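Structure first, commentary second.
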Amino acid sequence: MTAPNDRNSTGGVPVPVTPAGASSGAPAEHPPSSPAGRGMFGNQGTGDVSGFGGLVRQQRPIEETPRPYGGYFDEVRDALEEAYPHFGDAIEKVVVDRGELTLHVRPERIAEVCQVLRDDLALRFELCSSVSGVDYLGADERRLHVVYQLTSMTYRRRLRLEAAVSVEAPHLPSVTAVYPTADWQEREAYDMFGIVFDGHPNLTRILMPDDWEGHPQRKDYPLGGVPVEYKGAEIPPPDRRRSYQ
Amino acid sequence: MTTSNYATERETTEGKVFTVTGGDWDQVVSGTDPINDERIVVNMGPQHPSTHGVLRLILELEGETVREARSVVGYLHTGIEKNLEYRNWVQGSTFVTRMDYLSPIFNETAYSLAVEKLLGITDDVTERATTIRVLMMELNRISSHLVWLATTGMELGAISIMLYGFREREYILDIFETITGLRMNHAYVRPGGVAQDVPDDAIRKIRDFLKMMPKKLKEYEDLLSGQPIWTERTKHVAVLDVTACLALGVTGPVLRSAGLAWDLRKTMPYCGYESYEFDVPTHPDGDVWGRYLVRLAEIRESLKLVEQALDRLKPGPVMVADRKIAWPAQLAIGVDGMGNSLEHVAKIMGQSMESLIHHFKLVTEGFRVPPGQVYVGIESPRGELGVHAVSDGGTRPYRVHYREPSFVNLQALPAMAEGGLIADVIAGGASLDPVMGGCDR
Numbered sequence: 001m002t003a004p005n006d007r008n009s010t011g012g013v014p015v016p017v018t019p020a021g022a023s024s025g026a027p028a029e030h031p032p033s034s035p036a037g038r039g040m041f042g043n044q045g046t047g048d049v050s051g052f053g054g055l056v057r058q059q060r061p062i063e064e065t066p067r068p069y070g071g072y073f074d075e076v077r078d079a080l081e082e083a084y085p086h087f088g089d090a091i092e093k094v095v096v097d098r099g100e101l102t103l104h105v106r107p108e109r110i111a112e113v114c115q116v117l118r119d120d121l122a123l124r125f126e127l128c129s130s131v132s133g134v135d136y137l138g139a140d141e142r143r144l145h146v147v148y149q150l151t152s153m154t155y156r157r158r159l160r161l162e163a164a165v166s167v168e169a170p171h172l173p174s175v176t177a178v179y180p181t182a183d184w185q186e187r188e189a190y191d192m193f194g195i196v197f198d199g200h201p202n203l204t205r206i207l208m209p210d211d212w213e214g215h216p217q218r219k220d221y222p223l224g225g226v227p228v229e230y231k232g233a234e235i236p237p238p239d240r241r242r243s244y245q
Numbered sequence: 001m002t003t004s005n006y007a008t009e010r011e012t013t014e015g016k017v018f019t020v021t022g023g024d025w026d027q028v029v030s031g032t033d034p035i036n037d038e039r040i041v042v043n044m045g046p047q048h049p050s051t052h053g054v055l056r057l058i059l060e061l062e063g064e065t066v067r068e069a070r071s072v073v074g075y076l077h078t079g080i081e082k083n084l085e086y087r088n089w090v091q092g093s094t095f096v097t098r099m100d101y102l103s104p105i106f107n108e109t110a111y112s113l114a115v116e117k118l119l120g121i122t123d124d125v126t127e128r129a130t131t132i133r134v135l136m137m138e139l140n141r142i143s144s145h146l147v148w149l150a151t152t153g154m155e156l157g158a159i160s161i162m163l164y165g166f167r168e169r170e171y172i173l174d175i176f177e178t179i180t181g182l183r184m185n186h187a188y189v190r191p192g193g194v195a196q197d198v199p200d201d202a203i204r205k206i207r208d209f210l211k212m213m214p215k216k217l218k219e220y221e222d223l224l225s226g227q228p229i230w231t232e233r234t235k236h237v238a239v240l241d242v243t244a245c246l247a248l249g250v251t252g253p254v255l256r257s258a259g260l261a262w263d264l265r266k267t268m269p270y271c272g273y274e275s276y277e278f279d280v281p282t283h284p285d286g287d288v289w290g291r292y293l294v295r296l297a298e299i300r301e302s303l304k305l306v307e308q309a310l311d312r313l314k315p316g317p318v319m320v321a322d323r324k325i326a327w328p329a330q331l332a333i334g335v336d337g338m339g340n341s342l343e344h345v346a347k348i349m350g351q352s353m354e355s356l357i358h359h360f361k362l363v364t365e366g367f368r369v370p371p372g373q374v375y376v377g378i379e380s381p382r383g384e385l386g387v388h389a390v391s392d393g394g395t396r397p398y399r400v401h402y403r404e405p406s407f408v409n410l411q412a413l414p415a416m417a418e419g420g421l422i423a424d425v426i427a428g429g430a431s432l433d434p435v436m437g438g439c440d441r
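Chains as they are written, first to last, in full-length UniProt numbering: chain A, 1 to 245; chain B, 1 to 441.
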């Protein structure tokens, strides 16, 4: 198991090893390349004469939404600005997309912001619905994003907070002191992405076995193939199967 | 595994025999002093019949009183969220339906709503498709609550209710089979609508069910509500008030049993629930008894909703009109089972090259979803079921996260169990209605 504060590890990616049962140059022996936005039809290397393989999907940076946002979003922003003196420092971006408000928060401020959002009478986000991670490999320097979905039962509002950390220093404060329900969800984000929540009472793996190496939901985590007991054959991992190539 | 810490081996006349011990068990036990300490550590699960699935509980007992309880999950982790990233958006339905296997329709609907929101076609979903979704969800809620009633009854020693609950659930599964072709894991609700229309046969079956069910509910109440053992085992047991529920993120019937009428169908409506007439049952005590009453009342409300949905079912398409998103073929039952309809096959193979191309592109590659992220929460039988879906503009999900009510609610188990009796751990745990397939995903 990787220690939570082990910054010298290879970013949680296990060292490639030969899978048991396959020694025939099966595809699973080669670590997959980045799946992020390159080519079309999943075609890589030779064999592609269409030219589509050279296409690179544009990763547009997330842009700040200009005011007014509409709906209750302006009220939420104003209330937070009034209640939280470090607003300018803590909130990196405000994005409104598809009728949902996202505040991009500086990671070291996340617990403070949650505290204000929960306690301020004009905000009252009493329930932390969900905490999850997203790995924006290749699109963001700080590629690991922690996404919090807050719900205000009093005002019937939803709000998303997003904090981005890098793989080299995947640390941010835990919000468990504000929202105890974040306990298991932060453990899951640690388990799956290797994001370390400082101040969490018991940051251990939750879904994967305790002695598992690596963080499976990261985009550069190799998918495993299944060794089958038939002449060293191997069922390749999903991204290497022909139908998904 | 021969040199593993988990199993010691010895040779016998019948071959090698492994003695498997409980992993970190020795470490847990070595923390206690068996001679001077009154406390003992008991490991319950992951294969215990009363833990509602592969849930492991580690209980520190003083006599029969639970001093500390810790739950261990993850035994049913199947990596569904990761797998989704390697299938196209439509194929996702097939995966998510397998998460919480007692409420598959909810998993599918939440996923479909999220994909539709990402595509910006929420308002284009046809009225008939939405009504069918409501119909199916409410039937599913009834079947899920029936399993809860059946298994909880069994765990507390009431065997008859187990048989009755499963018997009536079977009726709903029959209806599902008529509509979707499968009893479970339907993949019926798809982004853009539903897979196929409801056959007339099913409508008749649902009408029969609506007639039959109120009598059965009366039977359950006659069997349990006045039963002294049942009331002793449930009243004032595993109490969780509103404050504790909110702090621990507990939603659904457990929160409503503590007195807060928070139901997403009412408070943040989706699928047109605001236009249906139904009540949100609550109970003031926040105990297992309250959860039992709330769930029974919810079955009654769901029956009302099913009836209203049936009345609203007007003929019309069940998929969005956009041919870039809608699955190209209507499915039909042929001599060799369900598949693409013959007319469609005749069209793409004999008449229209463009239709063939579109069919091919949609089926092999799938549709593209504009980049962005959304969160959709719906009221599942266990509480808020949330989907956080992220797209990078491709034909496959970039990330899908399920906020599973089973997972979140299970955190409340220590708060319910500590300080109580060990027998009440069973009642409290069961009253949360965790489904481990959903919890571990």
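The beta carbon of each residue, even a glycine, is placed where N, CA and C say it ideally should be.
Here the structure is a predicted model, which means the values were calculated and not measured.
Exercise. When the cut-off is 8 Å and only beta carbons count, does SER129/A lie next to chain B?
Worked result: Closer than 8 Å: yes.
For this session: Within its chain, find whatever has a CB closer than 6 Å to the CB of SER33/A; leave out the 5 residues flanking it on each side and keep chain order.
Result: Low confidence applies to SER33/A: its pLDDT is 36, below 50, so where it sits in the model is not reliable enough to give any reading.
Exercise. Alpha carbon to alpha carbon, what distance is there between ARG169/B and GLN227/B?
Worked result: Looking at the two C-alpha atoms, the distance is approximately 23 Å.
Exercise. Helix, strand or coil: which one does DSSP assign to LEU382/B?
Worked result: The sequence given here places Arg at residue 382/B; Leu does not occur at that position. When secondary structure is reduced to three states using DSSP, ARG382/B falls in the coil class, being assigned neither helix nor strand.
Exercise. Does DSSP classify GLU63/A as helix, strand or coil?
Worked result: If DSSP states are grouped into helix, strand and coil, GLU63/A belongs with coil.
Exercise. In terms of residue numbering, what span does the beta strand (DSSP E) encompassing SER257/B cover?
Worked result: Taken as a continuous stretch (DSSP letters only), SER257/B belongs to no beta strand (DSSP E), being part of the alpha helix (DSSP H) at 253-257.
For this session: Pick helix, strand or coil for SER33/A, following the three-state DSSP scheme.
Result: Only weak support exists for where SER33/A lies, its pLDDT of 36 falling under 50; the value from the coordinates is given anyway. SER33/A carries a coil assignment under DSSP once its states are collapsed to helix, strand and coil.
Exercise. Taking 8 Å as the CB-CB limit, is LYS314/B close to chain A?
Worked result: Chain A, which has no Cβ nearer than 8 Å to the Cβ of LYS314/B, makes this no.
Exercise. For THR102/A, which residues of its own chain have a beta-carbon under 7 Å away from its beta-carbon, when the five flanking residues on both sides are left out?
Worked result: Correct list, in chain order: VAL95, ARG160 and GLU162.
Exercise. So with Cβ pairs under 8 Å, would you call ASP183/A a contact of chain B?
Worked result: Cβ-Cβ to chain B under 8 Å: yes for ASP183/A.
Problem set entry | Pairwise C-alpha distance: PHE125/A and VAL116/A | Per the coordinates, the alpha-carbon of VAL116/A lies some 9 Å from the alpha-carbon of PHE125/A.
Exercise. Is the Cβ of ARG98/A closer than 8 Å to any Cβ of chain B?
Worked result: For ARG98/A, the answer is yes, since a Cβ of chain B falls inside 8 Å of its Cβ.
Problem set entry | Under 9 Å by beta carbon: chain A residues contacting TYR375/B | In chain order: GLU100, SER129, SER130, VAL147, GLN149, ARG158 and ARG160.
Problem set entry | Best match in ALA139/A, GLY99/A and HIS145/A for proximity to GLY70/A [C-alpha to C-alpha] | Selected option, being the one with the closest Cα: GLY99/A.
Exercise. With 16 other CB atoms within 10 Å as the buried threshold, where does ASP112/B fall?
Worked result: It is worth fixing the name first, because residue 112/B is Ser in this sequence and not Asp. It is buried - the Cβ of SER112/B has at least 16 other Cβ atoms within 10 Å.
Exercise. Thinking just about the alpha-carbon of each residue, which of THR12/B, LEU331/B and VAL41/B is nearest to the one in ASP26/B?
Worked result: Nearest option by C-alpha distance: VAL41/B.
Exercise. Taking Cβ-Cβ distances below 9 Å as the criterion, which residues of the segment 245-266 of chain B are in contact with chain A?
Worked result: Against chain A - using a Cβ distance shorter than 9 Å - the residues of the segment 245-266 of chain B are LEU246, ALA247, LEU248, GLY249, VAL250, THR251, LEU260 and TRP262.
For this session: For ASP120/A, I'd like the list of residues in its chain whose CB is within less than 6 Å of its CB, leaving aside the five on either flank, ordered along the chain.
Result: So the qualifying residues of the chain are ALA83.
Problem set entry | Nonlocal neighbours in the same chain, by C-beta distance under 8 Å from PHE95/B, ignoring five residues either side | Hits under 8 Å: ILE80, ASN83, LEU84 and ARG87.
Problem set entry | GLY192/B - partner residues in DSSP beta bridges | DSSP lists no partner for GLY192/B.
Exercise. So, helix, strand or coil for LEU80/A, using DSSP?
Worked result: Helix at LEU80/A.
Problem set entry | Where ASP263/B falls, given that 16 or more other Cβ within 10 Å makes a residue buried | By the 10 Å Cβ count, ASP263/B comes out buried.
Exercise. The alpha helix (DSSP H) spanning LEU432/B covers which residue range?
Worked result: Run containing LEU432/B: 422-432, per the alpha helix (DSSP H) assignment.
Problem set entry | Cβ neighbour criterion (16 or more within 10 Å) applied to ALA233/A | Counting Cβ neighbours within 10 Å, ALA233/A comes out exposed, since fewer than 16 surround it.
For this session: With a 10 Å radius around its C-beta and 16 neighbouring C-beta atoms as the bar for buried, classify GLY429/B as buried or exposed.
Result: GLY429/B is buried by the Cβ-count criterion.
For this session: Give a yes or no on whether the minimum CB-CB distance between PRO216/A and chain B is below 8 Å.
Result: Output row for PRO216/A: interface = yes.
Exercise. How long is the line joining the alpha carbons of LEU310/B and ILE206/A, rounded to whole angstroms?
Worked result: Taking the straight line from one Cα to the other gives about 43 Å.
Exercise. Does the beta carbon of GLU126/A sit closer than 8 Å to a beta carbon anywhere in chain C?
Worked result: Among the protein chains in the structure shown, which are A and B, there is no chain C.
For this session: Consider the Cβ of LYS82/B: report whether some Cβ of chain A lies at a distance smaller than 8 Å.
Result: Taking Cβ atoms only, chain A reaches closer than 8 Å to LYS82/B, which makes this a yes.
Exercise. Between the segment 174-194 of chain A and the segment 236-252 of chain B, do three or more beta carbon pairs fall short of 8 Å?
Worked result: Pairwise C-beta distances place the segment 174-194 of chain A in contact with the segment 236-252 of chain B, as three or more of them are shorter than 8 Å.
Exercise. Between which two residues does the beta strand (DSSP E) carrying ALA164/A extend?
Worked result: ALA164/A -> beta strand (DSSP E) spans 157-165.
Exercise. In the DSSP assignment, what are the bridge partners of ASN43/B?
Worked result: Residue pairing for ASN43/B: DSSP places it in a beta bridge opposite ILE58/B.
Exercise. Who are the neighbours of VAL390/B on chain A, taking C-beta pairs under 7 Å?
Worked result: Per Cβ cutoff of 7 Å: VAL134.
For this session: Kindly indicate if chain B contains any beta-carbon less than 8 Å away from that of ILE110/A.
Result: Output row for ILE110/A: interface = no.
Exercise. For GLY63/B, which residues of its own chain have a beta-carbon under 8 Å away from its beta-carbon, when the five flanking residues on both sides are left out?
Worked result: Taking C-beta separations shorter than 8 Å and ignoring five residues to either side along the sequence, the partners of GLY63/B in its chain run GLU38, following chain order.
Exercise. Relative to the ligand NAD, is the shortest distance from any of its heavy atoms to the C-beta of VAL113/A smaller than 7 Å?
Worked result: This structure does not include the ligand NAD; it has no bound ligands of any sort.
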